[in-house]
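For the sequence shown, the positions run 2 to 1011 when the numbering used here is used.
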Amino acid sequence: MRQGGQSWTFYEGPPTANGLPGTHHIEARVFKDVFPRFQTMKGKYVIRNAGWDCHGLPVEIEVEKELGFSAKGDIEKYGIAAFNEKCRHSVQRHVGAFTEMTERMGFWVDFDQAYWTMSNEYIESVWWSLAQIHSKGLLVQDSRVAPYCPRCGTGLSDHEIALGYESVTDPSLYLRFPITEGELKDLGASLLVWTTTPWTLVSNTAIAVNPDVDYLVVRTKADSEKEVTSEVLVIAESLVEAIDGGYEVLRKLKGNQLEKTKYQRPFDFVDIPDAHYVVLADYVTTEDGTGLVHQAPAFGADDLQTCRKYGLPVINPIAPNGEFESNIPTVGGMFFKQADRVLIKVLKKSAALYKHQQYEHSYPHCWRCHTPLIYYAQPSWYIRTTKIKEELLRENAATDWHPETVRTGRYGDWLNNNIDWALSRNRYWGTPLPIWRCENKHEEAFASKAQLQARYGRDLTDLELHRPFVDEIVFKCLSCPSQMVRTPEVIDCWYDSGAMPFAQWGYPHSQGSDQRFNQAYPADFICEAIDQTRGWFYTLMAIGTLVFDKSSYKTVLCLGHILDKDGRKMSKHLGNVLEPMALMDKHGADAVRWYMLAAGSPWSARRVSHEAISEVVRKTLLTYWNTVSFLTLYASAANYSPTPITNSTQLSILDRWILSELNQLIALVDQALTDFDSQLAGSAIATFIDDLSNWYVRRSRRRFWDGDSPALSTLHHCLKNVTLLMAPMVPFITEHVWQELICVVEEDGPISVHLADFPVSDDSLIDKELSKSVALTRRLVELGRASRAQSGVKIRQPLSRALIAAPGWKSLDVELRDQISDELNVESLDDLSSAGADLVEISIKANFRSLGARFGGEVQAISKAITSSNAQALVGQIRKDGKASISYDTNSVEITEDDLVITETPRTGWAVASHSGESVAMDLKLTDELIAKGIVREAIRAIQDERKTAGFDVSDRIHVKWNSDISSSKAIQDGIAWISEEVLALSFERDPSLKPSDQELGLCLRLSRA
Ligand SMILES: [Zn+2]
Ligand SMILES: [Zn+2]
2 MRQGGQSWTF YEGPPTANGL PGTHHIEARV FKDVFPRFQT MKGKYVIRNA
52 GWDCHGLPVE IEVEKELGFS AKGDIEKYGI AAFNEKCRHS VQRHVGAFTE
102 MTERMGFWVD FDQAYWTMSN EYIESVWWSL AQIHSKGLLV QDSRVAPYCP
152 RCGTGLSDHE IALGYESVTD PSLYLRFPIT EGELKDLGAS LLVWTTTPWT
202 LVSNTAIAVN PDVDYLVVRT KADSEKEVTS EVLVIAESLV EAIDGGYEVL
252 RKLKGNQLEK TKYQRPFDFV DIPDAHYVVL ADYVTTEDGT GLVHQAPAFG
302 ADDLQTCRKY GLPVINPIAP NGEFESNIPT VGGMFFKQAD RVLIKVLKKS
352 AALYKHQQYE HSYPHCWRCH TPLIYYAQPS WYIRTTKIKE ELLRENAATD
402 WHPETVRTGR YGDWLNNNID WALSRNRYWG TPLPIWRCEN KHEEAFASKA
452 QLQARYGRDL TDLELHRPFV DEIVFKCLSC PSQMVRTPEV IDCWYDSGAM
502 PFAQWGYPHS QGSDQRFNQA YPADFICEAI DQTRGWFYTL MAIGTLVFDK
552 SSYKTVLCLG HILDKDGRKM SKHLGNVLEP MALMDKHGAD AVRWYMLAAG
602 SPWSARRVSH EAISEVVRKT LLTYWNTVSF LTLYASAANY SPTPITNSTQ
652 LSILDRWILS ELNQLIALVD QALTDFDSQL AGSAIATFID DLSNWYVRRS
702 RRRFWDGDSP ALSTLHHCLK NVTLLMAPMV PFITEHVWQE LICVVEEDGP
752 ISVHLADFPV SDDSLIDKEL SKSVALTRRL VELGRASRAQ SGVKIRQPLS
802 RALIAAPGWK SLDVELRDQI SDELNVESLD DLSSAGADLV EISIKANFRS
852 LGARFGGEVQ AISKAITSSN AQALVGQIRK DGKASISYDT NSVEITEDDL
902 VITETPRTGW AVASHSGESV AMDLKLTDEL IAKGIVREAI RAIQDERKTA
952 GFDVSDRIHV KWNSDISSSK AIQDGIAWIS EEVLALSFER DPSLKPSDQE
1002 LGLCLRLSRA
């Protein structure tokens, strides 16, 4: 659609089709849908390819569960080919549920063109990009300590770690490491060391101190009551408070004086030769602990670096499954975290434990299986993103973030602390790394199957680009006599999704992909939840910058999270999950969409509940729907066909007003949706629908009854345009209205609202003065209603007059003034000043808060002067001049309205309401004539209600028979002509056989169609 139009590019962040979709998927998809729809109506050509993220641990874990596997060994036994086939089917199975939800909610996306990250074309494209990065020297294998999930048996990247922090309580241990040589040994001194990972003590290799920090050697005080004996400890001076009780300082020395001091480690379960002495490391801080840091180089990046400097061995007693090697005493075969408890028991019995506390902190867990991660030395493939940090910062600075704060905040921080991307995974179901190596580390990266085939020398047409098939391809090294085999890892599935800008087209291998890619790079718009700053938003930008030196998107919308009605996260555990299909079945897809788009800022967390959705539906969508029904009803009654709106003299002031509002709305919604602010667009539309229904239509009702053509045309025009404005947001209801209201009378127009152009604001119809006047009119009506409500006099009881005080009201057009008297049901309007100051009793007191701040001690005297002044005159003057002066003792000061607490009480016979300098007073005095009119109005309302109950058509003429009790019969008798006209009665006869009812007026009615 709109092919040939200027293209506007949207990238669909592929969902992992793993498990069923949740309500947060609707949220993301609503926002992904509304802006492309809007741009399409603006004439842009917007391609919307669906996509499926197929690879990775989430899928593997699902299949492992299904097959009852608990470790990688089970997969190898089962066979990689069969396992991967299961993974492929698992993905295909869940795609159906996503497609169904997507279609139900009206997310307009092309499933036929969908890209699958597991397809050969996609993988080849990913290979091509990896070969580019490899050729730049930015894809390398390195042995580093990296976060590692022992259950999944693979390392994780930094952005994956960020997804999985959980709060845990760990032991906090202070331990004695006795010094075994030199002068400090003679003193009987121990190094005091703090750790929160007792399981790493098994592989303790050294103790690190900061060379420039001051350390103390202290002798603690004995306390016989607490059975504490004196001992000598070494600790950083600034952390000496960790010592319980008193102490005496024996020595003070710099960290570097401790270098090479030998000590006794707490456990000697494993052999670590030539180790166990103090080493120097700048990274040691005195923020917490003791300033002496236990080193286990296999489990800490800093430890590894420090120990390597001293040539210390790297001993790792933990197997890749997270368990201690079985031959190790005490903890052999135990999962690393479980060993903590056992080891603490042993420490307690020995002399090593100085102090044992609990320590609550946030610790990284596997974002998929929730196993605590282990920092673990192992060889992995890295993309050296730190080498392109400047480029990434440059691209970020040029990106249009919504909300803007993400650029320098959450995402900017992330980039500033960028570390290399740990790309490889020791797993099965993923894009295989396209790197072949020989035992002498000669390396080749392949950019396509064709390239691999050329090297292999045999036909690979039918090769499936997954494990184990790619692993079977071996060939001779070009540089030495060895065999080249594929490095066994697969890649991080986040790389797959970040590669979609080019891989979705199979670029550069597939035919036509060149043109397609160039036409759609970078994206004008992407949108996902805020947690993707470290996920998809990052990998998209990183890969784009690595391969093309340019980020893959210009604008990104970060959505807030979905919460339940109490502001809690939705989780199965809390039982507060709202299923997306059920939600839409209950409220309708449009209701859910409208709620997501209009009920709050896109980037704030939003609470979703049935009540909240019902509320916005009732307020806006239902009002819109009812207004459409109203027009349909009266248009068909009047046999009306729409005529174009021209700013002709035929238009009433109300017509001109609503058209002015409409054109201002069109301009505002256009701008808001251009700026990705659906909330502003939604609230402006809601206000307009309220104006249209509760003011324009209500005030024009009589004209619709009369089939007035300008009124019908104006309403038709407004509804047509508001339908167009709402079409991107609520596609179903607007399409229905388009078919029922527009297509039937505009045969040459677009056959669907979604094929129509977005409306264009007509400035010549905008009259801002008129907007102001009507706004004033409506405010005065509100005040008048409020004052009536206070007095308890019903709105149908006419009153003789309303008195008004408001700047500008006297210059209101006579039509608007008539609307005020009609709405308030008063016979006349007058200026409040005409009634003098008699309507309200005014009393005043000093406002101590305001006066006290300015006059301090004199405030009592001023207060006295205020209370004894003429309140009426003082308030009158302040309201006229904005200030007045008050004399007290021999002084005088100037005061303003803020300095007074003013209480106004209406005098008997009046009801008054005021707000922001505008007041309306109702004269409550009733005459017999006014009472009679009130009765007639009540009778009219009763007959209208009866007409509705009887199911008469709005244009049906009727016969009325009536009877009533004595109190109202005369008034009704006298009002027959008026009543008959209002209710379309051809005859109106009193029938004494009807028994007066006990309802209001004692009125009894019998209606029949004429
Ligand atoms: Zn895991
Ligand atoms: Zn070689």
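Virtual Cβ for every residue (Gly too), placed ideally from N, Cα, C.
- Task: Following the continuous beta strand (DSSP E) through MET485, name the residue where it begins and the one where it ends.
- Result: 484–487
- Mind checking VAL250: buried by the 16 CB within 10 Å criterion, or exposed? exposed
- Message: Taking the straight line between their C-alpha atoms, what separation do you get for THR406 and ILE316?
- Response: 45 Å
- Task: Could you spell out where the beta strand (DSSP E) holding THR904 opens and where it closes?
- Result: Counting along the chain, the beta strand (DSSP E) containing THR904 begins and ends at 901–907.
- Task: Consider the C-beta atom of LEU58 and the heavy atoms of ligand 1; say whether any pair is separated by less than 8 Å.
- Result: yes
- TYR175 beta carbon less than 9 Å from that of LYS356: yes
- Query: On the premise that ASN322 lies in contact with GLY154, defined as a C-beta separation below 8 Å, what is that separation, rounded to the nearest angstrom?
  - Reply: 7 Å
- Around the Cβ of GLY247, are there at least 16 other Cβ atoms within 10 angstroms (buried) or fewer (exposed)? exposed
- Query: For ligand 2, which residues have a Cβ under 5 Å from at least one heavy atom, in chain order?
  - Reply: CYS439, ASN441, HIS443, CYS478, SER480, CYS481, SER483
- Run through the region 793–825 for me and flag every whole beta strand (DSSP E) of 3 or more residues, listed as ranges in chain order. 800–806
- Item | Through-space distance from LEU925 to VAL794, alpha-carbon basis | 8 Å
- Residues near GLU361 by beta carbon distance below 7 Å, same chain, minus five either side: SER168, THR170
- Query: LEU193 by DSSP, collapsed to three states: which one?
  - Reply: Strand.
- Is the beta carbon of LEU479 sitting closer than 9 Å to the one on GLU440? no
- Item | Cβ-Cβ distance between LEU393 and ASN419 below 9 Å | yes
- Query: Would you call the CB atoms of ARG942 and SER970 closer than 9 Å?
  - Reply: no
- Item | Cβ separation of SER920 and LEU833, assumed to be a contact under 8 Å, to the nearest whole Å | 6 Å
- ASP678: which of ASP111, ALA914, PRO729, ILE752 sits nearest, CA to CA? PRO729
- Query: Roughly how many angstroms separate the alpha carbons of PRO751 and PHE631, rounded to a whole number?
  - Reply: 24 Å
- For ALA1011, which of GLY785, PHE989, SER642 has the nearest alpha-carbon? PHE989
- Query: Measuring from the CB of ARG369, is there a heavy atom of ligand 1 at a distance below 8 Å?
  - Reply: yes
- Task: Could you tell me which residues DSSP pairs with ASP54 in its beta bridges?
- Result: Answer is THR17.
- is_contact[ILE81, chain D] using C-beta, thresh 9 Å: The chain labelled as chain D is not found in the depicted structure, where only one protein chain is given.
- LEU575 classed as buried or exposed, judged by whether at least 16 other C-beta atoms fall within 10 angstroms: exposed
- Taking only runs of the beta strand (DSSP E) that begin and end inside the region 155–230, which ones reach a length of at least 3 residues, in chain order? Those beta strand (DSSP E) runs which fall completely within the region 155–230 and span 3+ residues are 166–179, 190–196, 207–210, 215–221.
- Which residues in the same chain have their Cβ closer than 6 Å to the Cβ of TYR508, if we skip the five residues on either side of it in sequence? Short of 6 Å from the beta carbon of TYR508, and not among the five residues preceding or following it, lie these beta carbons of its own chain, in chain order: SER126, SER514, PHE518.
- Closest to PRO318 by CA distance: which of GLY333, GLN306, LYS310 is it? With respect to the C-alpha of PRO318, the residue from GLY333, GLN306, LYS310 having the closest C-alpha is GLY333.
- Going by beta carbon distance, what residues of the same chain come within less than 8 Å of TRP595, once the five residues before and after it are set aside? VAL617, VAL618, THR621, LEU622, GLY683, MET730, VAL731
- Rounded to a whole number of angstroms, what is the C-alpha to C-alpha distance between LEU434 and ASP493? Distance between the alpha carbons of LEU434 and ASP493: 10 Å.
- Candidates ASP187, HIS611, PHE476, TRP911: closest to LEU234 by CA position: ASP187
- Message: Is it the case that the region 11–31 contacts the region 52–63, given that we only count it when at least three CB pairs across the two stretches are under 8 Å?
- Response: yes
- Message: Quick check on the DSSP output: the alpha helix (DSSP H) that includes ILE134 runs from which residue to which?
- Response: 121–136
- Backbone CA spacing between GLU391 and GLN40 [nearest angstrom]: 33 Å
- By the 10 Å Cβ neighbour count, where 16 or more other Cβ atoms means buried, how is ASN640 classified, buried or exposed? Classification of ASN640: exposed, given that the 10 Å Cβ count is below 16.
- Message: Quick check: does the Cβ of THR372 come within less than 8 Å of any heavy atom belonging to ligand 1?
- Response: For ligand 1, at least one heavy atom lies less than 8 Å from the Cβ of THR372.
- Is the region 491–506 close to the region 122–140, with three or more CB pairs under 8 Å? yes
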